[in-house]
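Peer 1: Handing you this structure, nothing more for now.
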Amino acid sequence: HVDVNPDTDKGKVSGDFTATIRYQGSNQKTGKWRFVHDSFSDAQQFYQGGVAENVKMHGDTGNEGSFFPALTSPLATWGSGELYLDDKLIDDNLGFHVMYTDGLRNDQHQIQKSTTDCCYSQSDAVKGLGYLDPSKKQLIVLMFTQGSYGSGNVKGSPIWIELYFNTVKVISQSQGGAVAFPPGTADYPVTGVTWKEAAAYCEFSKKRLPTEAEWEHAARGPKNTLYPWGDTQKLNGDIPANWNKQSAANVGSYPAGASAYGALDMAGNAWEWVADWYAKDYYSSSNAAVDPTGPATGTERLLRGGGYVQRIETGSLEFRSTFRLAFSPDQTEASFGFRCAKDTP
């Protein structure tokens, strides 16, 4: 997850995944890995303050090493950060270099000298050789205990890790300091995100996803109404929500549908991920009478509130404030969105 601002050189690059990393022959480490890169460097002019746009580097450009072919990255970062394994800190001052590029490695993990020749090497840099696949987009993350890019003291064995991701979704990108959206959609809720993406954005915003209980209380209010606006489906003959209308609407388009706490769009528009794992009988069996936080583990996460499309054949029940929809946290659909919550002081 990359959320950085090239104008202010601030933001964060983070990722978590379960994998086996093999090193030094037959050695390997398996577990849940997590990296966080949120400190940016201006040690070189072409770093553009640590978060760079459209920067030329590698190969024979004179900027960086020749172990990659010359390329222009629409977005790149330099700096330092942390690496964790099973929530244990491995190193808190690794060097980081992140690049968003055309396809740098093929399906066999090779860098090619042309569309057919293998494989690119440092000696090819001065010849201007090297091939990037323009039909693919990749995200490259380098972590290392080298002395450049702001890396600190080596702790134990030196580290050099290259990760590359072949599926890259650009939700928005900077254009002259402004976020670009399709025409007419700038005030729509952000949708098409997985639970993990929603949780990562809330974390970046120094907030979090609401628990299911918090979400439902915000929707039902102190009187526990069936809908945010009351116990009847309609007000003045209409449902005051973007329910099953096949397209998202601007946030706050239905002020009459606000909850007793003033929360808008708690029904319809975007389905909203909440923090909890799903368990059908959790609330009937839980001992947590106040502020329940859901099961400790599970396979599905929860969405609440109904959306602009009807997900299953339950009619009006989907936009009731009590309706629960469970999906894999890796699932994404066009109407799946979220809102963030924050603890009071």
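Number 543 in my numbering belongs to position 120 of the sequence shown; there are no gaps in the numbering.
Don't be surprised by glycine CBs; every beta carbon is placed ideally from N, CA and C.
1) Verify whether the separation of the beta carbon atoms of Y677 and R743 is less than 9 Å.
2) Who are the Cβ neighbours of V674 in its own chain at under 8 Å, not counting the five residues just before and after it?
3) Are the beta-carbon atoms belonging to V697 and T755 less than 9 Å from one another?
4) Quick one: what does DSSP say F440 is sitting in, helix, strand or coil?
5) I need the DSSP call for A642, collapsed to helix, strand or coil.
6) Please determine, among G644, T500 and Y523, the residue with the shortest C-alpha to C-alpha distance to G472.
7) Spatial neighbours of R724 within its chain, please: C-beta separation below 6 Å, excluding the five flanking residues on both sides.
8) Could you check the C-alpha separation between N516 and A702 for me, to the nearest Å?
9) Pop quiz: D525 and D556 are said to be a contact at Cβ under 8 Å. What is the actual Cβ separation, rounded to whole angstroms?
10) If you measure between the beta carbons of V593 and F761, is that distance less than 9 Å?
11) How do the region 557 to 564 and the region 584 to 592 stand: do at least 3 beta-carbon pairs fall below 8 Å, yes or no?
12) Between which two residues does the alpha helix (DSSP H) holding S707 run?
13) Can you check which of these residues, T484, Y507, G644 and M480, is closest to I582 by C-alpha distance?
14) Buried or exposed: which applies to Q533, given that a residue is buried once 16 or more other Cβ atoms fall within 10 Å of its Cβ?
15) Shortest alpha-carbon distance to A402 belongs to which of F469, A711 and T614?
16) List the endpoints of the continuous alpha helix (DSSP H) containing W700.
17) By DSSP, does L527 sit in helix, in strand, or in coil?
18) Would you report the Cα separation of K435 and P492, rounded to the nearest angstrom?
19) Hey, out of S503, M522 and H520, whose CA is closest to D514's CA?
20) Can you give me the Cβ contacts of G600 inside the same chain, cut-off strictly under 6 Å, excluding the 5 residues immediately before and after it?
21) To the nearest angstrom, how far is it from the Cα of Q669 to the Cα of Q733?
22) Buried or exposed for Y706, please, with buried defined as at least 16 other CB atoms from any protein chain shown within 10 angstroms of its CB.
23) Please go through the same chain and pick out, in chain order, the residues whose beta-carbon is closer than 6 Å to the beta-carbon of V425, but skip the five residues on each side of it.
24) Assuming A711 is part of the beta strand (DSSP E), what are its boundary residues?
25) For V591, which residues of its own chain have a beta-carbon under 8 Å away from its beta-carbon, when the five flanking residues on both sides are left out?
26) Whole angstroms is fine: what's the gap from S537's alpha carbon to I662's?
27) Just how far apart, CA to CA, sit A621 and S580?
28) Buried or exposed for C625, going by 16 or more other Cβ atoms inside 10 Å?
29) Who are the near neighbours of Q545 in its chain, counting only those whose CB is closer than 8 Å to its CB and skipping five residues on each side?
30) Distance check for R747 and E639, CA to CA, integer angstroms please.
31) Going by DSSP, what residue range makes up the alpha helix (DSSP H) through Y650?
32) Report all residues from its chain with a CB closer than 8 Å to the CB of A641; omit the five preceding and five following residues, and keep chain order.
33) Given a threshold of 16 other Cβ atoms within 10 Å of its Cβ, counted over all protein chains shown, does G573 qualify as buried or as exposed?
34) Could you pull the DSSP bridge partners for V478 from this structure?
35) Between the alpha carbons of Q535 and N710, how many angstroms are there, rounded?
Peer 2: Taking the coordinates as given:
1) Their beta carbons are not under 9 Å apart, which means Y677 does not touch R743 by this criterion.
2) In the same chain as V674, and ignoring 5 residues on each side of it, the C-beta atoms closer than 8 Å to its own belong to D610, Y611, P612, L687, D688 and N692, in chain order.
3) Going by C-beta atoms, V697 is not nearer than 9 Å to T755.
4) In the three-state reduction of the DSSP assignment, F440 falls in the strand class.
5) Helix.
6) The shortest Cα separation from G472 among G644, T500 and Y523 belongs to T500.
7) The residues are W618 and P752.
8) If I take the Cα positions, the gap works out to 40 Å.
9) The C-beta distance from D525 to D556 rounds to 6 Å, short enough to meet the 8 Å contact threshold.
10) The criterion of a C-beta distance shorter than 9 Å is not satisfied by V593 and F761.
11) Because the criterion of three Cβ pairs below 8 Å is met, the region 557 to 564 and the region 584 to 592 touch.
12) Residues Y705 to S708.
13) Considering only alpha carbons, the answer is Y507.
14) It counts as exposed.
15) Since the displayed the chain opens at 424 and closes at 768, residue 402 lies outside it and no answer follows.
16) W700: not part of any alpha helix (DSSP H); member of the beta strand (DSSP E) spanning W694 to W700, first to last residue.
17) It is coil, neither helix nor strand.
18) The alpha-carbon of K435 is positioned some 26 Å away from that of P492.
19) Looking from the CA of D514, the closest CA among S503, M522 and H520 belongs to S503.
20) Here the model assigns G600 a pLDDT of 43, short of 50, so the residue's position is not dependable, and the following value carries that caveat. If we look at G600 and ignore the five residues flanking it on each side, its Cβ neighbours are D430.
21) In this structure, the CA atom of Q669 is about 8 Å from the CA atom of Q733.
22) The residue in question, Y706, is exposed, as its Cβ has fewer than 16 Cβ neighbours within 10 Å.
23) Excluding positions up to five away in sequence, the list reads V436.
24) That residue, A711, is in no beta strand (DSSP E); it is neither H nor E in DSSP.
25) These residues qualify, in order along the chain: Y523, K560, Q561 and L562.
26) Approximately 59 Å, taken between the alpha carbons.
27) CA-CA distance, A621 to S580, rounds to 35 Å.
28) Within a 10 Å sphere around the beta-carbon of C625 sit 16 or more other beta-carbons, which makes this residue buried.
29) For Q545, where only same-chain residues beyond five positions count, the Cβ hits under 8 Å are G488, S489 and F490.
30) Each residue's Cα considered, the two are about 10 Å apart.
31) For Y650, there is no enclosing alpha helix (DSSP H), as DSSP marks it with neither H nor E.
32) Excluding positions up to five away in sequence, the list reads P633, S682, Y684, A686 and M689.
33) Here G573 scores only 41 on pLDDT, less than 50, and its place in the model should not be relied on; the value that follows carries that caveat. Classification for G573: buried.
34) Looking at the DSSP assignment, V478 forms a beta bridge with S496.
35) Looking at the backbone, the Cα of Q535 and that of N710 are separated by about 59 Å.
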